[in-house]
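J.: Would you mind keeping the following structure in view while I ask a few things?
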Amino acid sequence: MQTVHSLDPLRNLVADLRQAGKLALVPTMGALHEGHLTLVREARARADRVAVSIFVNPLQFGAGEDLDAYPRQLERDCALLEAEGVDLVWGPTVEAMYPQGFATGISVSGVSEGLCGAQRPGHFDGVATVVCKLFHQVLPDLALFGEKDWQQLAVIRRMARDLDLTRPHVDRIIGVPTVREADGLAMSSRNAYLTPQQRAQAAALPAAMRQAIATIERGASVPAALAALDVALLAGGFTSIDYARLCDAENLTPLEHASTKPMRLLVAARIGKARLIDNMAVQPARS
Ligand code: PAF
1 MQTVHSLDPL RNLVADLRQA GKLALVPTMG ALHEGHLTLV REARARADRV AVSIFVNPLQ
61 FGAGEDLDAY PRQLERDCAL LEAEGVDLVW GPTVEAMYPQ GFATGISVSG VSEGLCGAQR
121 PGHFDGVATV VCKLFHQVLP DLALFGEKDW QQLAVIRRMA RDLDLTRPHV DRIIGVPTVR
181 EADGLAMSSR NAYLTPQQRA QAAALPAAMR QAIATIERGA SVPAALAALD VALLAGGFTS
241 IDYARLCDAE NLTPLEHAST KPMRLLVAAR IGKARLIDNM AVQPARS
């Protein structure tokens, strides 16, 4: 496994890896957990060579967010990736990614505007910009992202479609199902912010979501199911709820009534220092 931090050696290595066949990219911000390693294993199954990027992207953090606190553990991450048979780790410095005078950004309207986009202005511009750069730097044939960041995945697919990114083509942006702890909590690098008590309480999030989904799938009122979800989270130890919405799974339009198309329940809620997000599929209503 080779680890590089600047563009010139990256370009040479990418050229070599591409000679060997299909190249997959797993973009990450590091602090790797089983969810990331699942992406890496899926990448290995689908491609001949695997590159992982590790970059805590300042552009996607707003003022007062956790950019400085975000866990950084490059050595440990590299050891985990080496054990998974990864070929290349691309860990650019901030200066390599955004050299002096950097002034270009990508903004995806529509899917990026509600949910986390409304709560975190500029966040998805930062994600789209860095992911577009990563695609151009690594030239992967396919790229893999966790479904836990469902809105992020929708934004990246939209960008790939709109900007005619052929490497990887939109059909080659693979969403991988969320990996969960035994109590159902979605794995996230931000779970590290939780105290042991908050970590135990955080299991209320997937439990309340499953309950709301069961209610909606039985045909109950969507607003009532979402209101009950809010109550369950606050009773379970969450301090506030940024949003809890039923949405069209593809374009993320909020829904007041169950639809006959695939739907997704998406939630962001705060507990202690952590803002946790999660999403789950909701079965379409019978037409
Ligand atoms: O999901 C993440 O870890 C980040 O948003 C990503 C896609 C690596 C871009 O910085």
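Heads up: the sequence shown begins at 1 in our numbering, then just goes up one per residue.
All residues carry an ideal CB built from backbone N, CA and C; glycine is no exception.
Are V131 and P254 closer than 8 Å when you measure CB to CB?
T.: no
J.: State the start and end residues of the unbroken alpha helix (DSSP H) segment that holds T129.
T.: H123 to V138
J.: Identify the continuous beta strand (DSSP E) that holds R270 and give its terminal residues.
T.: M263 to I271 is the extent of the beta strand (DSSP E) around R270.
J.: Buried or exposed, going by whether 16 or more other CB atoms sit within 10 Å of the CB of P140?
T.: buried
J.: Give me the Cα-Cα distance between V14 and Q2, rounded to the nearest whole angstrom.
T.: 11 Å
J.: Taking the alpha carbon of R199 as the point to measure from, which residue in A268, F102, F238 and P223 has its own alpha carbon closest?
T.: F238
J.: Determine whether the beta carbon atoms of H5 and P92 lie at a separation below 8 Å.
T.: With respect to P92, H5 sits close: the two C-beta atoms are nearer than 8 Å.
J.: What are the complete alpha helix (DSSP H) segments, minimum 4 residues, inside the region 3-32?
T.: 7-19
J.: Beta-carbon separation of N304 and G122 under 8 Å?
T.: Since the first residue shown for the chain is 1 and the last is 287, residue 304 is missing from the structure and cannot be characterised.
J.: Span of the alpha helix (DSSP H) holding D141?
T.: DSSP places D141 in no alpha helix (DSSP H); its state is neither H nor E.
J.: Any idea what DSSP makes of V176, helix, strand or coil?
T.: strand
J.: Should H36 be labelled buried (16 or more other beta-carbon atoms within 10 Å of its own) or exposed?
T.: buried
J.: Report all residues from its chain with a CB closer than 8 Å to the CB of T104; omit the five preceding and five following residues, and keep chain order.
T.: T129
J.: With a threshold of 8 Å, are at least 3 pairs of Cβ atoms found where one atom belongs to the region 187-202 and the other to the region 266-285?
T.: Yes, the region 187-202 touches the region 266-285.
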